[in-house]
DNA sequence: GCCCGCCGTTCACGCGCCGTTCATCTTGGC
DNA sequence: GCCAAGATGAACGGCGCGTGAACGGCGGGC
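Protein chains in written order, with the working numbering: chain A, 1 to 224; chain B, 1 to 224.
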C-alpha cells in the first residue's frame with residue numbers, strides 16, 4: 001500500500017478522504033494548507049498527493065506547481081463543481097487527475113488506485129494484471145505466453161484501460177490520458193484504436209476484453 | 001557485490017536507498033553531509049557513491065569534486081526535479097550519472113548496476129555478457145570465438161547498450177553516455193553507428209542483437 | 001611534409017508504419 | 001422501425017527510421 005498526502009482546509013473533507021483511503025489499507029498524512037503540505041512532504045515518503053484547489057495561504061495550484069518541480073509524485077486535484085477553468089489550469093500545471101466535489105468515495109478510491117498503478121508501472125516498467133503484462137519500455141504486451149509489440153498510441157490506450165481495469169473510461173478521459181488534455185482532433189480516433197486492439201487481442205484467445213459501454217465509453221475486463 | 005556510500009541529509013531518502021541497495025546484496029555506508037561522507041570514505045573501501053546535491057555543510061558538488069580528485073569511484077548524483085543546471089554542473093564536475101528525486105527504486109538499482117559494471121569493466125578491462133565479451137582496453141569485441149576491433153564511438157555505443165542490456169535507451173541517453181552531455185550534433189548520428197554495428201554483428205551469427213523500439217530508442221538483447 | 005585511409009558526421013532519399021479521418025454499415029435502445 | 005452511437009474498412013499523409021553516400025578532419029606511414 002501507499003502513503004498518501006491529503007491537503008484540504010476543510011476538516012470534514014480531510015476526514016472523509018482519510019477514512020476512505022485507510023479503509024483501502026493506505027496510510028494518510030494530513031495537511032490543512034499548502035504550507036503544511038510542503039512541510040509534511042519534507043518528512044514523509046509520500047507516493048501520492050490529494051490536493052484541494054481552494055486553500056488558504058498556499059493554494060492547490062501553487063502546491064501542484066511546486067510539487068511538480070520538486071517531486072515525482074502523482075497529483076489528484078479536488079475542484080469545486082463547475083469550476084472547469086480550475087481543472088484545466090491544474091492539469092496544465094502538471095496535475096495527473098482531478099475529482100469534482102462532491103464525489104463518491106468509490107470514485108476517489110478508483111482514481112487513487114489508477115494513479116498508483118500508473119506510477120508504479122512507470123517505475124518498474126511493467127504493469128501486471130491477471131494473465132496480462134504490459135511492458136512499458138518496449139511497448140509490448142505479454143499474455144498467453146506470447147509477446148506482442150504495439151505502436152505507441154495503441155499501447156498507451158491499452159495501458160490506460162488496464163490501469164483502470166473494471167472501470168469505464170469516457171472517450172474524453174482516454175484522450176486526456178493518451179493524447180493529452182489539449183488534443184484537438186476527433187473523438188472517434190479512439191474507436192479506431194480500440195478496434196485495432198480488439199483485432200490484435202481477440203477475447204476468445206486472450207484473457208481480457210475491451211467492452212463498449214454505450215453512451216459512456218470503454219472498459220477493460222479481465223476474464224473471470 | 002559492492003560497498004556503497006549514500007550521502008543525503010534527508011533520513012528517509014537514505015533509508016530508502018539503503019533498503020533498496022541492501023535488497024540487491026550490497027553493503028551500505030551512510031552519511032548525512034559531505035563532511036561525514038569524506039570521513040566514511042577515509043575508513044571504508046567504497047566502490048560507488050550515491051550523493052545528494054543539496055546537503056548542508058559540504059554539498060554534493062564539493063564532495064563530487066573532491067572525490068574526483070582523490071578517488072576513482074563512480075558517482076551517482078541525486079538532483080531535484082527540474083534543476084537541470086544542477087545536473088549539468090554535477091556532470092561537469094565529474095559525476096558519472098544522475099537520478100532525479102524522487103525516483104523509483106528499480107531505476108536506482110538499474111543505474112547502480114550499470115555504473116558498477118562499467119567501472120568493474122574499466123578495472124579489469126572487460127565486460128562479460130552471455131556469449132559476449134567487451135574489451136575496453138583495445139576496443140575489441142569477443143564473440144563466437146572471434147575478436148573484432150571497433151572504432152571508439154562504435155565500441156562505446158555497443159558498450160553502453162550492453163551495460164544496460166535488456167533496457168531501452170533513448171537516443172538522448174545514448175548521446176549523453178557516449179558523446180557527453182554537452183554534445184551539440186545531430187541525434188541521428190546514433191542511427192548510423194547502430195547500423196554499422198548491426199552490419200558488423202548480424203544477429204543470425206552473433207548471440208545478441210540491437211533492437212529498435214520505435215518512438216523510444218534502442219535496446220540490446222541477448223539471444224535466448 | 002605529403003598522401004592516404006579511417007572514422008565521425010551529415011545529408012538526401014525512400015520505405016513502411018502508424019495516426020487520423022471519412023464514408024458506410026451495424027447494432028442497440030426506445 | 002427509427003435514430004443515435006458505435007463498428008468497420010479503406011485511404012491518405014506524415015514521420016520515424018534505415019540506408020547509401022559524401023565530405024572533411026585527423027593521424028599514421030613513407
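Ideal placement from N, C-alpha and C gives every residue a C-beta, glycine not left out.
Bear in mind that the values here come from a model prediction, so they are computed numbers and not experimental data.
Cross-chain neighbours of residue i in chain A, by beta carbon under 9 Å
i                      : result
residue 108 of chain B : Simply none; closest approach about 10 Å.
residue 16 of chain B  : 45
Neighbour list for residue i in chain B, Cβ cutoff strictly below 7 Å
i                     : result
residue 74 of chain A : Within 7 Å Cβ-Cβ: nothing; residue 74 of chain A doesn't reach chain B, min ~12 Å.
Alpha carbon of residue i to alpha carbon of residue j, nearest angstrom
i                      : j                      : result
residue 211 of chain B : residue 56 of chain A  : 52 Å
residue 140 of chain A : residue 199 of chain B : 26 Å
residue 170 of chain A : residue 216 of chain A : 6 Å
residue 46 of chain B  : residue 63 of chain B  : 14 Å
residue 104 of chain B : residue 19 of chain B  : 13 Å
residue 74 of chain B  : residue 119 of chain B : 7 Å
residue 68 of chain B  : residue 179 of chain B : 20 Å
residue 183 of chain B : residue 177 of chain B : 10 Å
residue 193 of chain B : residue 154 of chain B : 6 Å
residue 86 of chain A  : residue 22 of chain A  : 28 Å
residue 109 of chain A : residue 88 of chain B  : 40 Å
residue 181 of chain B : residue 94 of chain B  : 11 Å
residue 189 of chain B : residue 158 of chain B : 14 Å
residue 30 of chain B  : residue 14 of chain B  : 7 Å
residue 187 of chain A : residue 2 of chain A   : 34 Å
residue 43 of chain B  : residue 173 of chain A : 56 Å
residue 77 of chain B  : residue 60 of chain B  : 8 Å
residue 91 of chain B  : residue 97 of chain B  : 7 Å
residue 27 of chain B  : residue 48 of chain B  : 11 Å
residue 156 of chain B : residue 53 of chain B  : 28 Å
residue 71 of chain B  : residue 136 of chain A : 38 Å
residue 25 of chain A  : residue 80 of chain B  : 30 Å
residue 17 of chain A  : residue 219 of chain B : 43 Å
residue 125 of chain A : residue 150 of chain B : 32 Å
residue 12 of chain B  : residue 117 of chain B : 27 Å
residue 51 of chain B  : residue 123 of chain B : 22 Å
residue 229 of chain B : residue 152 of chain A : Residue 229 of chain B lies beyond the stretch modelled for chain B, which goes from 1 to 224, so this question has no answer here.
residue 175 of chain B : residue 129 of chain B : 22 Å
residue 209 of chain A : residue 221 of chain A : 5 Å
residue 196 of chain B : residue 41 of chain A  : 49 Å
residue 84 of chain A  : residue 58 of chain A  : 21 Å
residue 205 of chain B : residue 39 of chain B  : 51 Å
residue 160 of chain B : residue 121 of chain A : 24 Å
residue 214 of chain A : residue 185 of chain A : 21 Å
residue 101 of chain B : residue 65 of chain A  : 16 Å
Amino acids of chain A, ordered along the chain, whose beta-carbon sits closer than 7 Å to that of residue i
i                      : result
residue 226 of chain B : In this structure chain B extends from 1 to 224, so residue 226 of chain B is not present and cannot be described.
residue 215 of chain B : 152
residue 78 of chain B  : Here the premise fails: no neighbours, minimum Cβ distance about 12 Å.
Sheet register partners of residue i (DSSP bridge)
i                      : result
residue 98 of chain B  : B:77
residue 146 of chain B : B:143
residue 3 of chain A   : A:27
residue 208 of chain A : A:222
residue 132 of chain B : B:129
residue 51 of chain A  : A:7 and A:77
residue 213 of chain B : B:217
residue 168 of chain A : A:219
Listed by chain order, chain B residues near residue i by CB distance under 9 Å
i                      : result
residue 138 of chain A : 168, 211, 213, 216 and 219
Where residue i meets chain A, residues with beta-carbon distance less than 8 Å
i                      : result
residue 12 of chain B  : 43, 44 and 45
residue 192 of chain B : Within 8 Å Cβ-Cβ: nothing; residue 192 of chain B doesn't reach chain A, min ~23 Å.
residue 100 of chain B : 72
residue 197 of chain B : Result: empty, since nearest Cβ-Cβ is about 19 Å, beyond 8 Å.
Residue i: CB within 7 Å of a non-hydrogen atom of the ligand MN
i                      : result
residue 193 of chain A : In the structure on display, the ligand MN does not appear, and there are no ligands present to speak of.
Anticipated Cβ contact below 8 Å, residue i with residue j, distance rounded
i                      : j                      : result
residue 131 of chain B : residue 202 of chain B : Residue 131 of chain B to residue 202 of chain B, Cβ: 15 Å. No contact.
residue 146 of chain B : residue 133 of chain B : Between residue 133 of chain B and residue 146 of chain B the Cβ distance is about 11 Å, and since that is not below 8 Å, they are no contact.
residue 107 of chain B : residue 99 of chain B  : 7 Å
residue 138 of chain A : residue 168 of chain B : 6 Å
Are the stretch 158–165 of chain B and the stretch 110–122 of chain B touching by the rule of at least three beta carbon pairs closer than 8 Å? yes
Using 8 Å as the Cβ pair cut-off and three pairs as the minimum, do the stretch 1–14 of chain A and the stretch 28–44 of chain A touch? yes
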